[in-house]
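Note sheet for the following structure.
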Amino acid sequence: MLNTYLNFDGNCREAFDFYRSVFGGEFMIFQTFGDAPGEYQPPEGEQDKVMHVSFPIGDNILMGSDIPSNMGLTLVSGNNFSISVSPESREHAESLFSALSDGGAVTMPMQDMFWGSYFGSCADKFGINWQVNFEQGQD
């Protein structure tokens, strides 16, 4: 499954409220950085920024988040989206991530995450941002 993942500079909630008003429906997941465990907390004043939102539109899921200032990323039109792929196994996740990041840049190595997934992100050699997210327990 491929889905689009959008990044925002503090206005993710506003954008997704707008998308919900256009398409109707409800969010599947809506989490702020304040909901994360201690080691993943953002700088002071950024707890209300969106860590992750999933919004189904037809058979697809539009996902998004705000970029907290402590991640060292600068939002620029063109780098504010990723393609998210959900492989069917941990091994397939590793294989996809290895192939996608070959000649590109790893932004977050594949690792077990606190939300229960095995996750990593990279930019491929063409500058396209990818997220590989295997939901553990499904293999």
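Following the working numbering, the numbering of the sequence shown begins with 4 at its first residue and continues without gaps.
In this text, a Cβ means the ideal position worked out from N, Cα and C, and glycines have one as well.
Taken through DSSP and simplified to helix, strand or coil, D51 comes out as coil. The Cβ atoms of S124 and F137 do not sit closer than 8 angstroms to each other. According to DSSP, L103 shares a beta bridge with no other residue.
Excluding its 5 nearest sequence neighbours in each direction, F100 has C-beta neighbours in its own chain below 7 angstroms: M113, G123, C125 and V135, listed in chain order. Between I131 and E47, the alpha-carbon positions lie close to 31 angstroms from each other. In this structure, the CA atom of V53 is about 9 angstroms from the CA atom of G37. Rounded to the nearest angstrom, the gap between the Cα atoms of T110 and L103 is 12 angstroms. Ranked by Cα distance from G107, the options F33, D127 and A18 are led by D127. Judged by beta-carbon spacing, S68 lies beyond the 8 angstroms limit of I32, meaning their Cβ atoms are not closer than that value. Between the alpha carbons of D20 and M74 lies a gap of roughly 25 angstroms. It is roughly 21 angstroms from the alpha-carbon of G81 to the alpha-carbon of D105.
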